[in-house]
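*Asks:* Numbering (the numbering used here), first residue to last: 7 to 194.
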Amino acid sequence: TLQLLTLVGAWNGASEGDRACVSQIADRSYEDIESELLELASLDDSPVLKIGSLWKAKAPLELLYLISPKLTGAILSRFFLVALAVFEEPDPVLELEEEKRWMASIYGKVRDHSGVVLDAMADSIAKLGYFSEASDGGFEVGKDVRSFVRQVLEGADESRWLSVSQYLPSFCEAAPDEFIAAVRDSIK
Numbered sequence: 007t008l009q010l011l012t013l014v015g016a017w018n019g020a021s022e023g024d025r026a027c028v029s030q031i032a033d034r035s036y037e038d039i040e041s042e043l044l045e046l047a048s049l050d051d052s053p054v055l056k057i058g059s060l061w062k063a064k065a066p067l068e069l070l071y072l073i074s075p076k077l078t079g080a081i082l083s084r085f086f087l088v089a090l091a092v093f094e095e096p097d098p099v100l101e102l103e104e105e106k107r108w109m110a111s112i113y114g115k116v117r118d119h120s121g122v123v124l125d126a127m128a129d130s131i132a133k134l135g136y137f138s139e140a141s142d143g144g145f146e147v148g149k150d151v152r153s154f155v156r157q158v159l160e161g162a163d164e165s166r167w168l169s170v171s172q173y174l175p176s177f178c179e180a181a182p183d184e185f186i187a188a189v190r191d192s193i194k
């Protein structure tokens, strides 16, 4: 459960899309995950916070530092596969005319996943990219981070760029060379 919390960072337990995302990454039922998290949350100085339906790592960087040696290739692989699927989805708000986009939720044009999990996953990818570069060879996730950024942005059309626009700073921080190459390719 701490590996999952380290990678995902935060999610809304009331969102079906978030629960499915968390369950896929953990390769377990969401009910089992939530049960473990409730036990963790009841401990003194717990690494997890529960605020309403929101689950959040209390100190994500510290957790990454402590848990990174225990992150398995399997969970990292599932995390990047799920993240790729989530960030490749076009934002339904783009189906609306530009002047109606601010009313997207009224028209039912919202993503399956909450902004909480999207923001947290993008932030985790940035942290993984930084942490892999800053570590002294013990944490070999940098190639996965670079591959993720390349896959999301390489050959991206206008819809993809607009769909991930608010996450671009995190992707740039995670893999600057791949990000800049994608930007260059897109303006040719």
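We treat Cβ as the ideally placed atom computed from N, Cα and C, and that holds for glycine.
Could you compute how far the alpha carbon of A26 sits from the alpha carbon of L13?
*Replies:* The residue you call residue 26 lines up with position 20 of the sequence shown. The residue you call residue 13 lines up with position 7 of the sequence shown. Using only the alpha carbons, I get a separation of about 15 Å.
*Asks:* Whose C-beta lies closer than 7 Å to the C-beta of Y136 among residues of the same chain, with five residues either side of it excluded?
*Replies:* To locate residue 136, count along the sequence shown from 1; it is residue 130. Only E179 meet the Cβ criterion.
*Asks:* Roughly how many whole angstroms lie between the Cα atoms of D51 and S153?
*Replies:* Translated into the one-based positions of the sequence shown, residue 51 becomes position 45. Translated into the one-based positions of the sequence shown, residue 153 becomes position 147. Rounded to whole angstroms, D51 to S153 spans 36 Å at the Cα level.
*Asks:* With 16 other CB atoms within 10 Å as the buried threshold, where does L44 fall?
*Replies:* The residue given as residue 44 occupies position 38 in the sequence shown. Answer is exposed; the Cβ neighbour count stays below 16.
*Asks:* With DSSP as the reference, identify every bridge partner of V122, one or two as the case may be.
*Replies:* On the sequence shown, residue 122 is found 116 positions in, with the first residue counted as 1. DSSP output for V122 lists no bridge partner at all.
*Asks:* Output needed for S130: all residues of its chain with C-beta closer than 6 Å, excluding positions within five of it in sequence on either side, in chain order.
*Replies:* Position 124 of the sequence shown, counting from 1, holds the residue named residue 130. Counting only Cβ-Cβ distances below 6 Å, and skipping sequence neighbours, we find L13, G15.
*Asks:* Within the chosen definition, does the segment 87-95 reach the segment 157-166 through at least 3 CB pairs nearer than 8 Å?
*Replies:* Enough Cβ pairs lie closer than 8 Å, so yes.
*Asks:* State the beta-bridge partners of A63 as determined by DSSP.
*Replies:* The residue labelled residue 63 in the question sits at position 57 within the sequence shown. DSSP, once it has assigned bridges, lists V54 as partnering A63.
*Asks:* Three Cβ pairs or more, each shorter than 8 Å: is that satisfied between the segment 105-116 and the segment 169-178?
*Replies:* Contact between the segment 105-116 and the segment 169-178 is absent, because fewer than three Cβ pairs lie under 8 Å.
*Asks:* Flag this pair as yes or no: are the beta carbons of D33 and F86 separated by less than 7 Å?
*Replies:* In the sequence shown, residue 33 corresponds to position 27, counting from 1. In the sequence shown, residue 86 corresponds to position 80, counting from 1. It is not a contact, given that the beta carbons lie outside the stated cut-off.
*Asks:* Is I193 buried or exposed, if buried means 16 or more other CB atoms sit within 10 Å of its CB?
*Replies:* On the sequence shown, residue 193 is found 187 positions in, with the first residue counted as 1. Burial call: exposed.
*Asks:* Which value, in whole angstroms, describes the spacing of the CA atoms of L69 and P53?
*Replies:* Against the sequence shown, residue 69 aligns to sequence position 63. Against the sequence shown, residue 53 aligns to sequence position 47. Rounded to whole angstroms, L69 to P53 spans 8 Å at the Cα level.
*Asks:* Rounded to a whole number of angstroms, what is the C-alpha to C-alpha distance between W167 and P96?
*Replies:* As a position in the sequence shown, residue 167 is number 161, starting the count at 1. As a position in the sequence shown, residue 96 is number 90, starting the count at 1. Rounded to whole angstroms, W167 to P96 spans 9 Å at the Cα level.
*Asks:* Put A16 into one of helix, strand or coil per three-state DSSP.
*Replies:* By one-based count along the sequence shown, residue 16 stands at place 10. Here A16 sits in strand by DSSP.
*Asks:* Tell me whether D33 sits in a helix, a strand or coil according to DSSP, three-state version.
*Replies:* Looking up residue 33 in the sequence shown gives position 27. The answer is coil: DSSP assigns D33 none of H, G, I, E or B.
*Asks:* Counting only the same chain and skipping the five closest in sequence on each side, list residues whose C-beta sits under 7 Å from that of V99.
*Replies:* Working through the sequence shown from its first residue, we reach residue 99 at position 93. Once the five neighbours on either side are set aside, the close Cβ partners of V99 are R107, A110, K115.
*Asks:* Check E146 in the structure and name its three-state DSSP category.
*Replies:* Sequence index remark: in the sequence shown, residue 146 carries index 140 (1-based). Coil, per DSSP.
*Asks:* Can you tell me the Cα-Cα spacing of S48 and Y36, whole angstroms?
*Replies:* Within the sequence shown, residue 48 is the residue found at index 42, counting from 1. Within the sequence shown, residue 36 is the residue found at index 30, counting from 1. Approximately 18 Å between the Cα atoms of the pair.
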